[in-house]
Structure formats: structure tokens, C-alpha cells
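*Asks:*
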Ligand SMILES: Cc1cc2nc3c(=O)[nH]c(=O)nc-3n(C[C@H](O)[C@H](O)[C@H](O)COP(=O)(O)O)c2cc1C
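Numbering (our numbering), first residue to last: 424 to 763.
In C-alpha cells form, the structure reads like this:
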């Protein structure tokens, strides 16, 4: 199978492979630039950063590649508007919003000509996003790492969304190998977003101890944690997740109010930073469900080379029936979804 071309507004990457934004500081300039250089779309995760830090990351990525670089910002963070606007001012190629979306962000995209790509987990939200002006949607199922907006499989939601919208559909959740990409495309996806496979790469910005935890994880180690954001999160079981599961709380000593709404049972930002820095005992190790299939930490170029050469040996797919383009109308703001 030759991978089909994906067009996201004016963007035409060589490969329909998007690297999922991974906060906090796991997908920074080096990973995003490596994916962009390999022909995919590299995404810098802005959640948990200041606008200044995010701008620095965008500039560093641009110094490494002329490929396509986007940012991912979780809608639930207080600095959402600042981070998105700062990225647009840097002429970022696209903005992906995780864990919800609002009408105004499509206006910012329209004014600047920046494609806006929300992460959704239902056909209904995908349709709303399309009407509001989304250039594509990422459809994330419960197999995904990080915060989850659904308990349905990507395999069930992708065909529903592909039958409901005419914009590109990018499948996310549990995609690690060439077979997963082929299956997602057979279900109607125009592209795929991969998270944990890219965090477990040489260019992933996590500590070596974190990458070792990815390699050590078995299928039985994958758990759901209750995040203070108000969503479940998929992670690898460790001492910290066990303590949370046992009902312990760790109210933050210094809260910077990074989230619009937070239960303060623990600080998710700090727990993710701890994991990124290798302080795993106090960290949350977000991970997709299929991390146990990852055997090696490889350079991004090699990950993509192996995926595309395997796909080249697989059968071509018949076109998936898609609806005609919908007229865009002004409708009230929506907010919900998945991400982070
Ligand atoms: C460590 C980690 C951090 C993540 N952080 C974010 C994030 O900041 N924003 C977001 O929208 N999604 C986030 N995600 C979800 C990914 O972007 C991606 O959609 C998901 O990981 C896909 O599932 P997979 O890991 O099975 O490939 C995160 C996932 C992981 C594993």
C-alpha cells in the first residue's frame, strides 16, 4: 500500500503521519522537527509551557527543519488563548486543540489563515468542528495515551466520523505498527496521529528512565488514573498511580492555576514534569494502550522508515465513501472532547 496524500487546508505533508502533541515537554522542538524532516507533521506540546517558552520551541524547531510544525494546546489550560495566539503570531503551520474547543479559536485561525484541528471523540463533535471551520479532526479513541474523552475504541469512532464529515480524519489511539496504520485507513482515516511510539524515540524529550519504563511496560501495567482536570488519563502503573488509586491525595503546595478547572487532588502538571525528568516515583507516566508492543527506542527516521517499508508490502485499500463538503455556518460555541 502506498500511503495516500493528506491535505489539511494548504498543508500537504509527504506522509499522512502526525506526531501527537505530548505534554509536559515530551514533544519539544527536537522530536517535532525530526518527524517533520521525515515527511510527517511534527507537533510541539504547548501545555504546561509559558507562551515565551513555546515561541522559543517553535523557533528552535524551525531552525532544524523546513517541514510542517504545529502546536498542540489543551483547551483546559488557563493560558490556552495566549499559547495559541503566540503560536499563530510565529506563523505556526497548524494548531491542534486537545480536550475541547471553542468557537473563537476558529476565528483566530481564519484571520491568520492557520489551520485549526481539534481532537474529538464523537461524530457529533466532529460535525460541529467542521461547521465551525476546522481544517481536519483528530479522532481519538480510548486506546490513546493521556487524557481521554471517551471509553469507545478508535476503531468504532473513526468510521462514524469518516461517514459524517468531509474534512480529513486523523485516527489516534493505539497506533504503533504499520498494521495499525493500515487498519485505521481501512476504517476511513485519511491519516494517523501517533503518540507513545514517538515519545519512545531517540528524539523524544523524556528522561532515559521514562523511556525505559515504556520498554518495561506490559499490557497488564496499563491503567486509568483520575486526573484533576476531570477526565480519566491512560498511564503506566507505578508507585504514584497506585497511591492515587488507593485514594491518597497530594494537594499542591504552590498552585499556579494552570488549569481552568482543577480538583487539586494532585498537581497533574508537576506529576507530568516529574515523569519527563525521570522522577518516576512522583510522576504520572502517560502512555497509549499498546506501549507493550514497543521494543526499542529508535530514531524517528528509522521508526518512519520501518513503518513505510512495511506498509509498502500491504494491500492497497479501496476508497472509503465520504460525504460531500459541507457549507460552513455560524453556530453557537461547543466545548468538549478529548486530548492531552
Ligand atoms: C505522554 C503523553 C502526553 C500527551 N499529551 C498530550 C497533550 O498535551 N495534548 C493532547 O492533545 N494529547 C496528548 N496526548 C495524546 C497524544 O497526542 C496522542 O493523541 C495519543 O497518545 C495517541 O495514542 P497513542 O499514544 O496510543 O499513539 C499525550 C499522550 C501521551 C502518551
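Think of the CB as a built atom: it goes at the ideal place given N, C-alpha and C, for glycine as much as any other residue.
Does DSSP put residue 697 in a helix, a strand or coil?
*Replies:* Locating residue 697 in the chain shown gives position 274, counting from the first residue. Here residue 697 sits in helix by DSSP.
*Asks:* Over the uninterrupted alpha helix (DSSP H) stretch that includes residue 530, give me the two end residues.
*Replies:* What you label residue 530 is simply residue 107 of the chain shown in a count that begins at 1. Start and end: 526-535.
*Asks:* If I follow the unbroken alpha helix (DSSP H) through residue 774, where does it start and stop?
*Replies:* It is not possible to answer for residue 774, since the shown part of the chain is limited to 424 through 763.
*Asks:* One question on the structure: do residue 513 and residue 478 come within less than 8 Å of each other, judged by their Cβ atoms?
*Replies:* As a working mapping, residue 513 is identified with position 90 in the chain shown. As a working mapping, residue 478 is identified with position 55 in the chain shown. Yes. Within cutoff.
*Asks:* Flag residue 449 as yes when its Cβ comes closer than 7 Å to any non-hydrogen atom of ligand 3, and as no otherwise.
*Replies:* Because ligand 3 does not appear in the structure shown, any question about it cannot be addressed here, the ligands present being ligand 1.
*Asks:* Reducing DSSP to helix, strand and coil, say where residue 442 ends up.
*Replies:* Here residue 442 corresponds to residue number 19 of the chain shown, with the count starting at 1. Here residue 442 sits in strand by DSSP.
*Asks:* Using CA atoms only, rank isn't needed, just tell me which of 635, 742 and 655 is closest to residue 646.
*Replies:* In the chain shown, counting from the first residue as 1, residue 646 sits at position 223. Ranking the options by Cα distance to residue 646, first place goes to 655.
*Asks:* State the start and end residues of the unbroken beta strand (DSSP E) segment that holds residue 563.
*Replies:* Here residue 563 corresponds to residue number 140 of the chain shown, with the count starting at 1. First-last of the beta strand (DSSP E) with residue 563: 560-563.
*Asks:* Would you be able to state if there are at least three C-beta pairs under 8 Å between the stretch 625-633 and the stretch 526-533?
*Replies:* Result no; under three Cβ-Cβ pairs closer than 8 Å.
*Asks:* Whole angstroms is fine: what's the gap from residue 517's alpha carbon to residue 558's?
*Replies:* Reading the chain shown from its first residue, position 94 is the one you call residue 517. Reading the chain shown from its first residue, position 135 is the one you call residue 558. Cα to Cα, the separation comes out at about 9 Å.
*Asks:* Using the Cβ count rule (16 or more neighbours within 10 Å means buried), how would you classify residue 763?
*Replies:* Position 340 of the chain shown, counted from the start, is the residue given in the question as residue 763. For residue 763, the predicted model reports a pLDDT of 46, less than 50, meaning its position is unreliable; a value from the coordinates is still stated below. Buried: at least 16 other Cβ atoms inside 10 Å.
*Asks:* Run through the stretch 543-599 for me and flag every whole alpha helix (DSSP H) of 4 or more residues, listed as ranges in chain order.
*Replies:* 546-555 and 577-587, all fully within the stretch 543-599.
*Asks:* Less than 7 Å between C-beta atoms, sequence neighbours within five positions excluded: which residues of the same chain meet that for residue 632?
*Replies:* In the chain shown, counting from the first residue as 1, residue 632 sits at position 209. For residue 632, where only same-chain residues beyond five positions count, the Cβ hits under 7 Å are 701 and 703.
*Asks:* Assuming residue 658 and residue 691 form a contact by the criterion Cβ under 8 Å, report the distance between their Cβ atoms to the nearest whole angstrom.
*Replies:* The sequence position of residue 658 within the chain shown is 235, counting from 1. The sequence position of residue 691 within the chain shown is 268, counting from 1. Not confirmed; about 11 Å, so no contact.
*Asks:* Helix, strand or coil for residue 540, going by three-state DSSP, please let me know.
*Replies:* Residue 540 sits at position 117 when you count from the first residue of the chain shown. Here residue 540 sits in strand by DSSP.
*Asks:* Using a threshold of 7 Å, is the CB atom of residue 604 nearer than that to any non-hydrogen atom of ligand 1?
*Replies:* Position 181 of the chain shown holds residue 604. Because no heavy atom of ligand 1 lies under 7 Å away, the Cβ of residue 604 does not count as near it: no.
*Asks:* What number of angstroms, rounded off, separates the C-alpha of residue 446 from the C-alpha of residue 695?
*Replies:* Position 23 of the chain shown, counted from the start, is the residue given in the question as residue 446. Position 272 of the chain shown, counted from the start, is the residue given in the question as residue 695. Going from the Cα of residue 446 to the Cα of residue 695 covers about 7 Å.
*Asks:* Check this for me: beta carbons of residue 459 and residue 491, under 8 Å apart or not?
*Replies:* Indexing the chain shown from 1 puts residue 459 at position 36. Indexing the chain shown from 1 puts residue 491 at position 68. In contact: residue 459 and residue 491 (Cβ atoms closer than 8 Å).
*Asks:* DSSP has residue 657 in a bridge; who is on the other side?
*Replies:* Walking along the chain shown from the start, residue 657 turns up at place 234. Answer is 569 and 647, bridged to residue 657.
*Asks:* When DSSP labels each residue in this structure, what does residue 709 get in the three-state scheme?
*Replies:* Along the chain shown, one-based indexing puts residue 709 at 286. Note: residue 709 maps to strand in three-state DSSP.
*Asks:* Which same chain residues, not among the five before or five after residue 435, have their C-beta less than 8 Å away from its C-beta?
*Replies:* Here residue 435 is taken as the residue at index 12 of the chain shown, counted from 1. These residues qualify, in order along the chain: 428 and 429.
*Asks:* Given a cut-off of 8 Å on the beta-carbon distance, is the pair residue 567 and residue 595 in contact?
*Replies:* To locate residue 567, count along the chain shown from 1; it is residue 144. To locate residue 595, count along the chain shown from 1; it is residue 172. Yes. Within cutoff.
*Asks:* With burial defined as no fewer than 16 other Cβ atoms inside 10 Å of the residue's Cβ, what is the status of residue 433: buried or exposed?
*Replies:* Translated into the one-based positions of the chain shown, residue 433 becomes position 10. So residue 433 ends up on the exposed side.
*Asks:* Mind checking residue 620: buried by the 16 CB within 10 Å criterion, or exposed?
*Replies:* Here residue 620 refers to the residue found at position 197 of the chain shown. Classification of residue 620: buried, given that the 10 Å Cβ count is 16 or more.
*Asks:* Need the endpoints of the alpha helix (DSSP H) that residue 486 sits in, please.
*Replies:* Along the chain shown, one-based indexing puts residue 486 at 63. Counting along the chain, the alpha helix (DSSP H) containing residue 486 begins and ends at 474-487.
*Asks:* Straight-line CA distance for residue 576 to residue 597?
*Replies:* Looking up residue 576 in the chain shown gives position 153. Looking up residue 597 in the chain shown gives position 174. Going by the C-alpha atoms only, they are around 9 Å apart.
*Asks:* Between the C-alpha atoms of residue 519 and residue 643, what's the straight-line distance to the nearest angstrom?
*Replies:* As a working note, residue 519 is residue 96 in the chain shown. As a working note, residue 643 is residue 220 in the chain shown. Using only the alpha carbons, I get a separation of about 31 Å.
*Asks:* Below 7 Å CB to CB, which residues in the same chain sit around residue 483 once its five sequence neighbours on both sides are set aside?
*Replies:* What you label residue 483 is simply residue 60 of the chain shown in a count that begins at 1. Answer for residue 483: 452, listed in chain order.
*Asks:* Shortest alpha-carbon distance to residue 444 belongs to which of 561, 608 and 745?
*Replies:* By one-based count along the chain shown, residue 444 stands at place 21. For the residues 561, 608 and 745, the minimum Cα distance to residue 444 belongs to 561.
*Asks:* Just verifying my parser: in three-state terms, what is the DSSP assignment at residue 757?
*Replies:* As a first step, residue 757 is located in the chain shown; it is residue number 334 there, counting from the start. Reliability fails at residue 757, whose pLDDT of 49 lies under 50, so the model's placement of it is uncertain and the value that follows must be treated cautiously. Coil, per DSSP.
*Asks:* Work out the CA separation of residue 511 and residue 686 for me, nearest whole Å.
*Replies:* Residue 686 sits at position 263 when you count from the first residue of the chain shown. Residue 511 sits at position 88 when you count from the first residue of the chain shown. About 31 Å.
*Asks:* Looking at the secondary structure, which residues open and close the alpha helix (DSSP H) in which residue 748 lies?
*Replies:* Here the question's residue 748 lines up with position 325 in the chain shown. No alpha helix (DSSP H) contains residue 748, which DSSP labels as neither H nor E.
*Asks:* Check residue 604 in the structure and name its three-state DSSP category.
*Replies:* One-based indexing of the chain shown puts residue 604 at position 181. Helix.
*Asks:* Does residue 618 pass the burial test, meaning 16 or more other C-beta atoms within 10 Å, or should it be called exposed?
*Replies:* Sequence index remark: in the chain shown, residue 618 carries index 195 (1-based). So residue 618 counts as buried.
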